[in-house]
Amino acid sequence: MLEARLPAASILKKIVESIKDLVSQANFDCSESGISFQAMDESNIALSSFLLRADGFDPYRCDRKLSLGIRFATLSKILKCAGNDDVVVIRYADDTDILSLVFEAPDNNRISEFDIKLLDISSEYLSIPEQEPECKVKMSSAEFSRICRDLITIGSSVVIDATKSGVKFSSTGDDGSGSILIKQSASVDGDGKAAPQTTVEMSEPVSLELSLKYLNNFTKAAPLSEYVVMNMTNDSPLMLQFDVSDIGYIRYFLAPQIKD
Amino acid sequence: MTNQLTLNNFFSNN
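Line by line, the protein sequences are chains A and B. Once you know that position 61 of the first sequence is 65 in the numbering used here, the rest is easy, because the numbers rise by one and skip nothing. Once you know that position 4 of the second sequence is 5 in the numbering used here, the rest is easy, because the numbers rise by one and skip nothing.
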């Protein structure tokens, strides 16, 4: 059985919104350590994954490993019935094909309960090699979203060039080209407020060409986190990570494009 | 001309 109580529905809503256009259905894997998910899109170009650690829930009970097959369109519709500040209780009783979601309003005067039919999904798991990236960029997630949105008006792909001085995003299309350079920045802005910081750690300069359609899809996770971390290695998939407060993360992997 | 690779080129099935 599973019983997991999440203090704010907004977290689950944002996670589902940031995955549902990439993956139509997948298993949520539940264990003592938390709830995780991994699935590729139909074309095997992008992989989405998330982890919500058990300590992000209060309480969290899962006494054996479970794979719960979820259709994201259904989950998304049902989560729209929850207020952002509602508490969400996720419940699964052994040997059933139903997942229950209970939404409790903050004043406790409204309690809604929805049951979702679970699917039997055989999933393939990809083992992702643990390797230190040649370059790790941390930047404002809002800035990253803006760059992806701006450059898709020019072309279908972006070349990301990371050097010690900063990160350059360039795109070329039939009608022209454009580029945006983000320099490593200080942590304090003119008003003395902490501003989102861009940091670049690298062992090698990296250049990757990537599909902007997918990157724009990934930026749907930007509302979850002020920062995005990009792990990049030449000729390897990009890994993008958005932290989910301090309880977990969403990660996306995107295969690069190569010149003939 | 650029070619889009897939993740199967990099990650193995478990």
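Note that CB positions come from ideal geometry on N, CA and C, so glycine has one too.
Using beta carbons (cut-off 7 Å, strictly below), is Leu130 (chain A) in contact with chain B? Judged by the 7 Å Cβ criterion, Leu130 (chain A) is in contact with chain B.
Following the continuous alpha helix (DSSP H) through Thr78 (chain A), name the residue where it begins and the one where it ends. For Thr78 (chain A), the enclosing alpha helix (DSSP H) begins and ends at Phe76 to Leu83.
Leu216 (chain A), DSSP secondary structure in three states: Three-state DSSP puts Leu216 (chain A) in a helix.
Ser71 (chain A) to Asn31 (chain A), Cα distance in whole Å? Each residue's Cα considered, the two are about 6 Å apart.
Counting only Cβ-Cβ distances shorter than 8 Å, please list the residues of the segment 43-60 of chain A near chain B, keeping chain order. Taking 8 Å as the Cβ-Cβ cut-off against chain B, the residues of the segment 43-60 of chain A that qualify are Met44, Ser47, Asn48, Ile49, Ala50 and Leu51.
At a Cβ threshold of 7 Å, is Gln261 (chain A) touching chain B? Cβ-Cβ to chain B under 7 Å: yes for Gln261 (chain A).
If you compare alpha carbons, which of A:Lys168, A:Leu83, A:Val171 and A:Ser175 is closest to Gly159 (chain A)? The shortest Cα separation from Gly159 (chain A) among A:Lys168, A:Leu83, A:Val171 and A:Ser175 belongs to A:Ser175.
Could you give the DSSP three-state label for Ser207 (chain A): helix, strand or coil? Under the three-state reduction of DSSP, Ser207 (chain A) is assigned to coil, being neither helix nor strand.
What is the rounded straight-line gap between the Cα of Pro260 (chain A) and the Cα of Phe76 (chain A)? Going from the Cα of Pro260 (chain A) to the Cα of Phe76 (chain A) covers about 26 Å.
Quick one: what does DSSP say Asn31 (chain A) is sitting in, helix, strand or coil? Note: Asn31 (chain A) maps to strand in three-state DSSP.
Please classify Ser145 (chain A) as buried or exposed, where buried requires at least 16 other C-beta atoms within 10 Å of its C-beta. Burial call: buried.
Quick check on Lys18 (chain A): buried or exposed, where buried means 16 or more other Cβ atoms within 10 Å of its Cβ? Buried, since its Cβ has 16 or more Cβ neighbours within 10 Å.
Is there at least one Cβ from chain B nearer than 7 Å to Pro241 (chain A)'s Cβ? Yes - at least one Cβ of chain B is within 7 Å of the one on Pro241 (chain A).
Under a CB-based cut-off of 7 Å, is Asp33 (chain A) close to chain B? Judged by the 7 Å Cβ criterion, Asp33 (chain A) is not in contact with chain B.
So is Asp67 (chain A) in contact with chain B if we call contact Cβ pairs under 7 Å? Answer no: the Cβ-Cβ gap between Asp67 (chain A) and chain B never drops below 7 Å.
Environment of Thr202 (chain A) [buried if 16+ CB atoms lie within 10 Å]: Around the beta-carbon of Thr202 (chain A), 16 or more other beta-carbon atoms lie within 10 Å, marking it buried.
Just to confirm before moving on: does the CB-CB distance between Leu185 (chain A) and Gly170 (chain A) stay below 7 Å? Yes, they are a contact pair.
Which residues in the same chain have their Cβ closer than 7 Å to the Cβ of Thr223 (chain A), if we skip the five residues on either side of it in sequence? These residues qualify, in order along the chain: Phe148, Ser149 and Cys152.
Would you mind telling me which residues of chain B sit closer than 9 Å to Asp264 (chain A), beta carbon to beta carbon, in chain order? Against chain B, a Cβ distance below 9 Å from Asp264 (chain A) picks out Met2, Thr3 and Asn4.
Would the segment 114-125 of chain A count as touching the segment 93-105 of chain A if we require 3 or more Cβ pairs under 8 Å? Contact between the segment 114-125 of chain A and the segment 93-105 of chain A is established, with three or more Cβ pairs separated by less than 8 Å.
Taking only the alpha-carbon atoms, compute the straight-line gap between Lys172 (chain A) and Arg57 (chain A) and give it to the nearest angstrom. Approximately 34 Å between the Cα atoms of the pair.
Would you give the residue range spanned by the alpha helix (DSSP H) that Leu155 (chain A) belongs to? For Leu155 (chain A), the enclosing alpha helix (DSSP H) stretches over residues Ser145 to Leu155.
By DSSP, does Glu128 (chain A) sit in helix, in strand, or in coil? Glu128 (chain A) carries a coil assignment under DSSP once its states are collapsed to helix, strand and coil.
With DSSP as the reference, please indicate the residues paired to Gly159 (chain A) in a beta bridge. According to DSSP, Gly159 (chain A) bridges with nothing at all.
Examine the Cβ distances between the segment 131-140 of chain A and the segment 217-232 of chain A and report whether three or more of them are shorter than 8 Å. These segments do not touch.
With a CB to CB cut of under 7 Å and the five nearest residues on each side skipped, what residues in its chain are close to Ile23 (chain A)? Excluding sequence neighbours, Ile23 (chain A) sits near Ser52 and Phe76.
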